[in-house]
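S.K.: The listed protein sequences correspond, in order, to chains A and B.
Here the first sequence is numbered in numbering that gives the first Met the number 0, starting from 0 and rising by one per residue.
Here the second sequence is numbered in numbering that gives the first Met the number 0, starting from 0 and rising by one per residue.
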Amino acid sequence: MGTSAGGTDMSLENPGDLESPVLAIDPLLDDPKTRIIVCCGSGGVGKTTTAAALGVRAAERGRKCVVLTIDPARRLAQSMGLSELDNTPRPVTDIDESAGGTLHAMMLDMKRTFDEVVLQHADPERARAILDNPFYQSLSAGFAGTQEYMAMEKLGQLRALDAWNLIIVDTPPSRSALDFLDAPQRLGSFLDGKFIKLLMAPAKVGGRAGMKFLNVGMSMMTGVLSKVMGAHLLGDVQTFIAAMDTMFGGFRKRADATYKLLQAPGTAFLVVAAPERDALREAAYFVERLAAERMPLAGLVLNRVHGSGAPQLTAERALAAAQALEEPRENLVDGGIVDREAGKADSVADGTDDGTDPKTPAEAADDMTIPPEQRLAAGLLRLHAERMRVVARERRTRDRFVSVHPEVPMVDVAALPGDVHDLDGLRSIGERLAGDHPAAA
Amino acid sequence: MSPQQSTPTRLHIVTGKGGTGKTTVAAALALALAAEGRRTLLIEVEGRQGIAQVFETGALPYEERKIAVAPGGGEVRALAIDPELALLDYLDMFYKLGRAGRALKKLGAIDFATTVAPGLRDVLLTGKACEAVRRKDNAGWRAYDAVVMDAPPTGRITRFLNVNDEVAGLARIGPIYNQAQAVMRVLKSTETAVHLVTLLEEMPVQETVDGVAELRAAGLPVGAVVVNMLRPVLLDDADLESAANGRRTAVAKALSQAGLGGARKGGQAERLVDPLLAQAHEHAQRVLLERRERAEIATLGLPTYELELRGEGVDLGGLYRLADSLRKQGMTGGES
Ligand SMILES: Nc1ncnc2c1ncn2[C@@H]1O[C@H](COP(=O)(O)OP(=O)(O)OP(=O)(O)O)[C@@H](O)[C@H]1O
Ligand SMILES: Nc1ncnc2c1ncn2[C@@H]1O[C@H](COP(=O)(O)OP(=O)(O)OP(=O)(O)O)[C@@H](O)[C@H]1O
Ligand SMILES: [Mg+2]
Ligand SMILES: [Mg+2]
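Here it is as structure tokens:
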């Protein structure tokens with residue numbers, strides 16, 4: 000594995016350390032056949048950060064790259080020059096272009112993309128009718144899956160422009176993992192639905208003999224609907240849908256085309272996950288779903304993994320040593336609280352557990368009988384114990400995933416102590432993504 | 000607590016950035032309220048069976064049922080709202096449409112209303128919650144003292160809660176209009192409070208600050224901020240400073256004294272010093288960052304409650320601990 004998590008002394012907890020193939024990021028970025036990289040994963044795991052970091056790295060290795068981000072953190076957006084949402088790619092400055100690459104970035108504006116689609120697919124008059132319709136206005140931002148659908152729509156547009164040779168796509172924090180795959184289809188089947196047809200063209204339905212029953216049902220329905228919704232609202236809905244009618248075919252075709260694009264060999268999916276139970280469960284689901292949809296999975300990015308530079312010191316020993324140090328010398332006689340196993344320490348007296356909780360660091364710190372360097376060392380040891388527990392927990396969670404999906408290539412990206420909000424931060428994530436290799440090609 | 004708080008909150012709406020712990024906090028709050036003897040209903044609106052998960056039970060049907068007993072005997076009931084069934088309920092309630100309702104369903108109208116037009120779906124969800132808040136039994140007693148909603152995330156919450164205003168605007172008159180107005184009255188009353196769950200990290204805090212501004216602008220009552228998954232601060236300022244000054248030799252000696260090997264160069268204890276100091280440095284950075292975020296939250300001037308990060312995640316026992324902690328901090332208003 001790439002980074003620091005693979006300690007040596009973890010063997011007690013993990014008898015057969017599970018390994019998976021290494022996800023090699025640089026070859027993926029460098030391969031001219033790679034045209035689209037989609038970063039997906041559950042909420043908050045680092046999709047946007049990964050997408051941006053890949054963009055920076057790809058550009059600095061010579062690709063003409065565009066990154067499509069969705070709701071980036073404010074400071075990150077600013078650092079990429081994305082202070083305004085104008086829905087078109089902007090060049091990112093301060094990128095090292097010596098290898099011949101460039102980077103553009105954009106933030107998706109959902110409503111604007113939707114409007115653009117309408118303008119593109121309907122004649123001007125109809126487009127106006129749609130854009131002005133109150134129903135459209137209140138729903139276009141909130142259609143189920145709109146963000147997902149629009150992200151895919153934008154991807155199609157960027158691809159069609161053919162101004163870049165690598166497009167990196169971030170995905171929205173979907174509630175169910177692959178909404179962005181499902182959204183186009185859902186929208187399509189809705190648009191083909193009976194209800195829509197019925198709202199749109201009552202007259203058409205009545206035409207055929209076999210439809211008589213439906214016709215009766217229908218007039219009852221229209222009655223009910225106008226009663227429920229108010230005749231006025233129903234009118235608006237009908238206008239809206241009639242106006243959208245002309246575009247339905249276009250929507251469908253685009254959705255199908257985008258879907259095919261995602262299955263194409265030049266596309267690579269990266270599933271991003273944090274080493275936590277829920278995120279990895281979702282990741283497993285993604286992996287399975289992508290396989291079922293025949294979408295090409297490049298591998299799993301395990302983000303925000305913790306490691307330690309001193310894996311040889313276990314949590315237990317560190318804690319015991321910390322307790323020994325926090326034991327004021329004059330109290331040692333009447334009962335230390337130190338675990339006997341740590342008894343190598345010369346300061347540890349014969350102690351019996353008096354049943355009280357170990358001292359909190361604060362209490363210990365208050366105790367002036369402890370020399371400052373001992374107090375500091377004890378603090379460092381407690382910190383280390385905590386870290387080792389996190390490392391062990393993450394390792395267990397990760398192993399669970401690997402035993403179910405041993406075939407999936409993986410790379411660990413260490414957790415940085417702060418958040419990632421500038422190009423240097425992105426570069427350092429990029430290096431970790433590439434298994435700690437410096438950026439140059 | 001805000002000065003105008005003469006009526007206790009009866010509808011608690013819990014929002015926050017995705018994954019910060021909305022469902023967990025909503026469940027803990029419901030338990031805490033029940034522990035004070037209040038009849039409490041916990042509502043889920045996103046159709047993800049999150050409540051069933053935190054309470055470690057099977058999927059919940061669309062009906063109010065007891066899900067947990069609080070210490071002291073109070074109970075929490077839970078309801079996972081199914082928007083489709085809620086729509087049929089609603090049509091039935093207002094229009095007595097048994098058969099026509101089923102016909103609507105066949106035609107896909109219900110699908111249309113509940114999945115594709117989230118505005119209508121949100122009307123149903125908020126409507127159902129408000130109905131539970133207002134419901135009385137035949138003798139005139141309130142069915143619930145408190146209703147807690149595990150709500151959509153911050154990015155959608157204002158729109159979600161305000162949907163009835165929008166609908167009222169679209170419908171202008173008629174039964175939908177009236178219903179929408181009634182729901183808005185409950186949501187904007189002093190009996191309602193929207194709580195925001197956050198972590199001490201940049202994005203969740205930023206979302207919280209933005210969310211509070213949006214809610215306030217929409218005239219929706221903001222309740223409290225819950226800072227979740229707080230990690231313990233293991234080194235205090237003085238320690239961090241001396242760690243930053245890198246007192247290597249003294250630390251090596253102390254480690255050696257604690258039985259971790261030799262303090263001389265190359266000794267086991269000595270070799271621990273660098274990595275341990277590096278970890279302390281990271282910790283210091285995190286503490287600094289968290290302090291900045293905490294200050295940001297403080298500018299909101301809202302009551303703030305804190306919940307610790309539970310190392311192994313939140314199991315049922317952990318949930319009761321979190322509930323207890325919220326109660327002790329006074330979030331249930333029991334102290335007034
Ligand atoms: N390896 C890392 N080390 C430290 N911080 C990180 C790392 N990766 C991401 N972060 C931070 O975590 C936060 C969330 O990351 P990001 O916005 O990329 O997640 P996301 O998956 O896009 O979230 P969402 O689902 O909300 O869109 C950000 O503040 C980011 O700076
Ligand atoms: N205080 C805590 N300590 C440890 N783990 C926690 C804590 N609070 C929540 N979690 C865990 O974090 C994860 C996310 O929590 P939860 O599902 O409550 O968040 P959410 O905001 O409802 O997420 P979503 O946006 O997906 O609905 C869960 O695995 C939960 O057990
Ligand atoms: Mg994101
Ligand atoms: Mg939830």
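Positions of the beta carbon are idealized from the N, C-alpha and C atoms, including for glycine.
Can you list, in chain order, every residue whose CB sits closer than 5 Å to a heavy atom of ligand 4?
M.R.: Matched residues: Lys-21/B, Thr-22/B and Gly-49/B.
S.K.: Leu-382/A: which of Glu-307/B, Ala-181/B, Thr-298/B and Glu-281/B sits nearest, CA to CA?
M.R.: Within the first sequence, residue 382/A is the residue found at index 383, counting from 1. Of the listed residues, the one whose Cα sits closest to Leu-382/A is Glu-281/B.
S.K.: Give me the Cβ distance between Leu-53/A and Ile-36/A, rounded to the nearest whole Å; I'm assuming they're in contact under 8 Å.
M.R.: For the purposes of this step, residue 53/A is taken as the residue at position 54 of the first sequence. For the purposes of this step, residue 36/A is taken as the residue at position 37 of the first sequence. Right, their Cβ atoms sit about 6 Å apart.
S.K.: Kindly indicate which residue of Ile-369/A, Ala-72/A, Val-117/A and Thr-112/A has the alpha-carbon position closest to the one of Gln-322/A.
M.R.: Sequence index remark: in the first sequence, residue 322/A carries index 323 (1-based). It is Ile-369/A.
S.K.: By the 10 Å Cβ neighbour count, where 16 or more other Cβ atoms means buried, how is Glu-18/A classified, buried or exposed?
M.R.: In the first sequence, the residue the question calls residue 18/A occupies position 19. Glu-18/A comes out exposed.
S.K.: Would you be able to state if there are at least three C-beta pairs under 8 Å between the stretch 253-269 of chain A and the stretch 155-167 of chain A?
M.R.: Because the criterion of three Cβ pairs below 8 Å is met, the stretch 155-167 of chain A and the stretch 253-269 of chain A touch.
S.K.: Quick one: what does DSSP say Val-91/A is sitting in, helix, strand or coil?
M.R.: Here residue 91/A corresponds to residue number 92 of the first sequence, with the count starting at 1. Of the three classes helix, strand and coil, the one that applies to Val-91/A here is coil, per DSSP.
S.K.: Taking the C-alpha atoms as reference points, what is the distance between Gly-298/A and Phe-400/A?
M.R.: Numbered from its first residue, the first sequence carries residue 298/A at position 299. Numbered from its first residue, the first sequence carries residue 400/A at position 401. Answer to the nearest angstrom: the Cα atoms are 13 Å apart.
S.K.: List the residues of chain A that Gln-180/B touches, going by C-beta distances under 9 Å, in chain order.
M.R.: One-based indexing of the second sequence puts residue 180/B at position 181. None at all; the shortest Cβ gap to chain A is about 13 Å.
S.K.: For the stretch 17-26 of chain B against the stretch 190-204 of chain B, do three or more pairs of beta-carbon atoms, one drawn from each stretch, fall closer than 8 Å, so that the two count as touching?
M.R.: Contact between the stretch 17-26 of chain B and the stretch 190-204 of chain B is present, because at least three Cβ pairs lie under 8 Å.
S.K.: Whose C-alpha, out of Pro-405/A, Ala-314/A and Gly-424/A, is nearest the C-alpha of Ala-442/A?
M.R.: Not covered by the structure: residue 442/A. The range shown for chain A is 0 to 440.
S.K.: Check each residue of the stretch 292-322 of chain A: if its Cβ is closer than 7 Å to any Cβ of chain B, include it; give the result in chain order.
M.R.: Listed by position along the chain: Ser-307, Gly-308, Ala-309, Leu-312 and Ala-320.
S.K.: Answer with buried or exposed for Gly-71/B, where buried requires no fewer than 16 other C-beta atoms within 10 angstroms of its C-beta.
M.R.: Looking up residue 71/B in the second sequence gives position 72. Label assigned to Gly-71/B: exposed.
S.K.: Which residues in the same chain have their Cβ closer than 7 Å to the Cβ of Lys-211/A, if we skip the five residues on either side of it in sequence?
M.R.: As a first step, residue 211/A is located in the first sequence; it is residue number 212 there, counting from the start. At Lys-211/A the pLDDT is 42, less than 50, meaning the model places this residue with poor confidence; the figure from the coordinates comes in the next sentence. No residues qualify anywhere along the chain.
S.K.: Any C-beta of chain A within less than 8 Å: which residues of the stretch 244-266 of chain B qualify?
M.R.: The residues in question are Arg-246, Ala-249, Val-250, Lys-252, Ala-253, Leu-254, Gln-256, Ala-257, Gly-258 and Leu-259.
S.K.: Are there any heavy atoms of ligand 2 lying less than 7 Å away from the beta-carbon of Asn-244/B, as far as the coordinates show?
M.R.: Locating residue 244/B in the second sequence gives position 245, counting from the first residue. No - ligand 2 has no heavy atom lying nearer than 7 Å to the Cβ of Asn-244/B.
S.K.: Specify the secondary structure class of Tyr-61/B as computed by DSSP and reduced to three states.
M.R.: Here residue 61/B refers to the residue found at position 62 of the second sequence. Three-state result, Tyr-61/B: coil.
S.K.: Mind the definition here: the stretch 212-219 of chain B touches the stretch 315-327 of chain B only if three or more C-beta pairs lie below 8 Å; say whether that holds.
M.R.: Touching, no.
S.K.: If distances are taken between C-alpha atoms only, which option among Arg-426/A, Leu-318/A and Met-149/A comes closest to Met-387/A?
M.R.: Walking along the first sequence from the start, residue 387/A turns up at place 388. When only C-alpha atoms are compared, the closest one is Leu-318/A.
S.K.: How about Ile-69/A: is its Cβ closer than 7 Å to a heavy atom in ligand 3?
M.R.: Here residue 69/A is taken as the residue at index 70 of the first sequence, counted from 1. Result yes, Cβ under 7 Å from ligand 3.
S.K.: Around the C-beta of Glu-165/B, are 16 or more other C-beta atoms found within 10 angstroms, so that it is buried, or is it exposed?
M.R.: Along the second sequence, read from residue 1 onward, the residue named residue 165/B stands at position 166. Glu-165/B is buried by the Cβ-count criterion.
S.K.: What is the DSSP secondary structure of Asn-161/B, counted as helix, strand or coil?
M.R.: Here the question's residue 161/B lines up with position 162 in the second sequence. Looking at Asn-161/B - three-state DSSP - the assignment turns out to be helix.
S.K.: Expressed to the nearest angstrom, what Euclidean distance is found between the alpha-carbon atoms of Arg-291/B and Thr-298/B?
M.R.: In the second sequence, the residue the question calls residue 291/B occupies position 292. In the second sequence, the residue the question calls residue 298/B occupies position 299. Each residue's Cα considered, the two are about 11 Å apart.
S.K.: Under 8 Å: do the stretch 408-423 of chain A and the stretch 290-304 of chain A share three or more Cβ pairs, one atom per stretch?
M.R.: Verdict: yes, contact present.
S.K.: Considering only DSSP beta bridges, list what Lys-135/B is partnered with.
M.R.: Against the second sequence, residue 135/B aligns to sequence position 136. Answer is Arg-141/B, bridged to Lys-135/B.
S.K.: Determine the direct distance from the alpha carbon of Pro-302/B to that of Val-225/B, and round the result to whole angstroms.
M.R.: In the second sequence, counting from the first residue as 1, residue 225/B sits at position 226. In the second sequence, counting from the first residue as 1, residue 302/B sits at position 303. One C-alpha to the other measures close to 9 Å.
S.K.: How is Ala-263/A classed by DSSP in three states: helix, strand or coil?
M.R.: Your numbering for residue 263/A matches position 264 in the first sequence. Ala-263/A falls in the coil class under three-state DSSP.
S.K.: Quick check on Arg-303/A: does DSSP put it in helix, strand or coil?
M.R.: Numbered from its first residue, the first sequence carries residue 303/A at position 304. Arg-303/A: strand per DSSP, three-state reduction.
S.K.: Please return the same chain residues whose Cβ sits closer than 8 Å to the Cβ of Val-65/A, not counting the five positions on each side in sequence.
M.R.: In the first sequence, the residue the question calls residue 65/A occupies position 66. Closer than 8 Å at the Cβ level, and outside the excluded window around Val-65/A, lie Gly-54, Pro-88, Leu-102, His-103, Ala-104, Met-105, Leu-157, Ala-162, Trp-163, Leu-165, Ile-166 and Ile-167.
S.K.: In chain order, which beta strand (DSSP E) runs of at least 3 residues are fully inside the stretch 8-91 of chain A?
M.R.: With a minimum length of 3 residues, the continuous beta strand (DSSP E) runs that stay inside the stretch 8-91 of chain A are 35-39 and 63-68.
S.K.: In the DSSP assignment, what are the bridge partners of Phe-268/A?
M.R.: Counting from 1 along the first sequence, the entry for residue 268/A is found at position 269. Answer is Val-37/A and Leu-296/A, bridged to Phe-268/A.
S.K.: What are the start and end residues of the alpha helix (DSSP H) that includes Val-272/B?
M.R.: Indexing the second sequence from 1 puts residue 272/B at position 273. Its alpha helix (DSSP H) spans residues 267-297.
S.K.: Shorter than 8 Å from the beta carbon of Leu-288/B to some beta carbon of chain A?
M.R.: Locating residue 288/B in the second sequence gives position 289, counting from the first residue. Closer than 8 Å: yes.
S.K.: Within 10 Å of its beta-carbon, does Ser-241/B have 16 or more other beta-carbons around it, so buried, or fewer, so exposed?
M.R.: The sequence position of residue 241/B within the second sequence is 242, counting from 1. By the 10 Å Cβ count, Ser-241/B comes out buried.
S.K.: Any heavy atom of ligand 2 inside 7 Å of the beta-carbon of Val-225/B?
M.R.: For the purposes of this step, residue 225/B is identified with residue 226 of the second sequence, where counting begins at 1. Val-225/B Cβ: outside cutoff for every heavy atom of ligand 2.
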